[in-house]
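2 protein chains.
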Amino acid sequence: MLAYLAFRKGAAVPSGEIAASVATNPVVIRRLLSSLIKARLVKAQKGAKGGFSLASAPENTSLLEIYRATQSNPEHSLNRFTPNQRCPVGAKIEGILHEIFFKAQAGMEAELARVSIADVERQLHPLCPSKRPKMIPV
Amino acid sequence: MLAYLAFRKGAAVPSGEIAASVATNPVVIRRLLSSLIKARLVKAQKGAKGGFSLASAPENTSLLEIYRATQSNPEHSLNRFTPNQRCPVGAKIEGILHEIFFKAQAGMEAELARVSIADVERQLHPLCPSKRPKMIPV
DNA sequence: TTATCCGTAACATTGATTGTTACATTAAAC
DNA sequence: GTTTAATGTAACAATCAATGTTACGGATAA
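Going down the list, the protein sequences come from chains A and B. In the working numbering, each number is its position in the first sequence, counted from 1, plus 1310. In the working numbering, each number is its position in the second sequence, counted from 1, plus 1310.
The structure is reproduced here in structure tokens:
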């Protein structure tokens, strides 16, 4: 979605247009974007000729910020089981795995931090300038 | 589960005992372990006095191997949406994100590769030797 | 004043995971 | 040999999150 907004160069893009690109319902788009609006990554303008746009230049937003804004609760990923606290393994395994998963997640986030929306948008265009028609987004 | 097997030092551990540690049903344990058996990380012995045990010394198995053995299909994580191929963004975004997510996953896997089952099992025991009672697993 | 568009609630649908029961198969122990 | 205690797996219900859909109130440009 944010790649699409970057592609549209700051225009106010209605949810229906983004939905056509992702092939889903406009409400789904608005729902997903609402958390990005709370995180100040996206702006919304109500009313006629309104729509969504990036809150900042595409260079200023990394995929890590998007990831964090859309993650509901990182702690909840591990909490799908409740070990027996009376078992010597169960009593300690949660804390041990939590630390390991934290580092693993940090490794992944480091990679996401290296990529900006502008980097993604740049890859949308063909490398050869002659092959860059003015395409009308659906 | 594998930390528990390491904790039991090579003994044949029935699924019911592991289930008590994780507070779930023995069938769930057997189901999860079946993929680890296919990946040759765990051995199973049928019949009376049977059970599960690590296929190799705990030092020889990393959390990355466990992660890969339990992942159903890594490609399937991204395929939860089907972009409109007639949209210039939708047509290219999948490939772009795939490459980025591949690197992000590699960053995470690098951290998992650094940890062995033996590392986890070691942390189960208190650091101070005087505080190491012979506890009977539930 | 009207035509758009966002924000959000409500609800159904879908799909994956989990829990449970059941039973065939296997192997140790007596 | 028979018994006992395991795994392996199918079948099914229950649960939960994500998704799709309809509806409607509020906001805003033209």
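Here a beta-carbon is modelled for each residue, glycine too, at the ideal position from N, C-alpha and C.
Same chain, Cβ closer than 6 Å to residue i, neighbours up to 5 away in sequence not counted
i, result
"Gln-1395 of chain B", "Ala-1401"
"Arg-1340 of chain B", "Ser-1325"
"Pro-1368 of chain B", "Ala-1316, Ile-1427, Ala-1428, Glu-1431"
"Ser-1331 of chain B", "Tyr-1314"
"Ala-1354 of chain B", "Ile-1347, Phe-1362"
"Glu-1419 of chain B", "Leu-1374"
"Glu-1421 of chain B", "none"
"Ala-1349 of chain B", "Ala-1379"
CA-to-CA distance, residue j to residue i, given in whole angstroms
i, j, result
"Gly-1360 of chain B", "Glu-1431 of chain B", "22 Å"
"Ser-1426 of chain A", "Phe-1391 of chain A", "35 Å"
"Met-1311 of chain B", "Ser-1363 of chain A", "47 Å"
"Ala-1358 of chain B", "Ala-1321 of chain B", "13 Å"
"Leu-1343 of chain A", "Leu-1437 of chain B", "48 Å"
"Glu-1327 of chain B", "Arg-1318 of chain B", "11 Å"
"Val-1323 of chain B", "Val-1337 of chain B", "14 Å"
"Gln-1381 of chain B", "Ala-1416 of chain B", "14 Å"
"Val-1399 of chain B", "Glu-1409 of chain B", "16 Å"
"Ala-1333 of chain B", "Ser-1345 of chain B", "20 Å"
"Asn-1335 of chain A", "Lys-1356 of chain A", "18 Å"
"Ala-1329 of chain A", "Cys-1397 of chain A", "50 Å"
Partners in chain A for residue i, counting only beta-carbon separations shorter than 7 Å
i, result
"Gly-1361 of chain B", "Near Gly-1361 of chain B there are no residues of chain A at all, since even the closest Cβ is about 15 Å away, more than 7 Å."
Within chain B, partners of residue i - CB distance below 9 Å
i, result
"Ala-1420 of chain A", "Ala-1414, Gly-1417"
"Ile-1376 of chain A", "None at all; the shortest Cβ gap to chain B is about 11 Å."
Residue i (DSSP reduced to helix, strand or coil)
i, result
"Ala-1365 of chain A", "coil"
"Lys-1359 of chain A", "coil"
"Lys-1413 of chain A", "helix"
"Ser-1372 of chain B", "strand"
"Val-1352 of chain A", "strand"
"Val-1323 of chain B", "strand"
"Ser-1345 of chain B", "helix"
"Ser-1331 of chain A", "helix"
Same chain, Cβ closer than 8 Å to residue i, neighbours up to 5 away in sequence not counted
i, result
"Leu-1351 of chain B", "Leu-1312, Leu-1364, Ala-1365, Ser-1366, Thr-1371, Glu-1375, Ile-1376, Ala-1379"
"Arg-1424 of chain B", "Ser-1372"
"Leu-1434 of chain B", "Ala-1313, Phe-1317"
Amino acids of chain B, ordered along the chain, whose beta-carbon sits closer than 7 Å to that of residue i
i, result
"Pro-1393 of chain A", "Ser-1331, Val-1332, Ala-1333"
Listed by chain order, chain A residues near residue i by CB distance under 8 Å
i, result
"Glu-1425 of chain B", "At residue 1425 of chain B the sequence reads Val, which differs from the Glu that was named. Within chain A, the residues near Val-1425 of chain B are Ile-1410."
"Val-1352 of chain B", "Chain A residues near Val-1352 of chain B: none, gap ~16 Å exceeds 8 Å."
Per-residue contacts from residue i into chain B (C-beta, under 8 Å)
i, result
"Lys-1348 of chain A", "Neighbours of Lys-1348 of chain A on chain B: none; closest Cβ ~22 Å, over 8 Å."
"Leu-1364 of chain A", "Going along chain B, no residue has its Cβ under 8 Å from Leu-1364 of chain A, so there is no contact; the nearest lies around 14 Å."
"Leu-1437 of chain A", "Going along chain B, no residue has its Cβ under 8 Å from Leu-1437 of chain A, so there is no contact; the nearest lies around 12 Å."
Amino acids of chain A, ordered along the chain, whose beta-carbon sits closer than 9 Å to that of residue i
i, result
"Lys-1356 of chain B", "Under the 9 Å cutoff, chain A gives no residues; its nearest Cβ is about 24 Å from Lys-1356 of chain B."
Same chain, Cβ closer than 7 Å to residue i, five either side skipped, listed in chain order
i, result
"Ala-1414 of chain A", "none"
Taking any Cβ of chain B, which residues in the stretch 1311-1345 of chain A have a Cβ under 8 Å from it, in chain order? Residues Ala-1313, Tyr-1314, Phe-1317, Ala-1330, Ser-1331, Val-1332, Ala-1333, Thr-1334.
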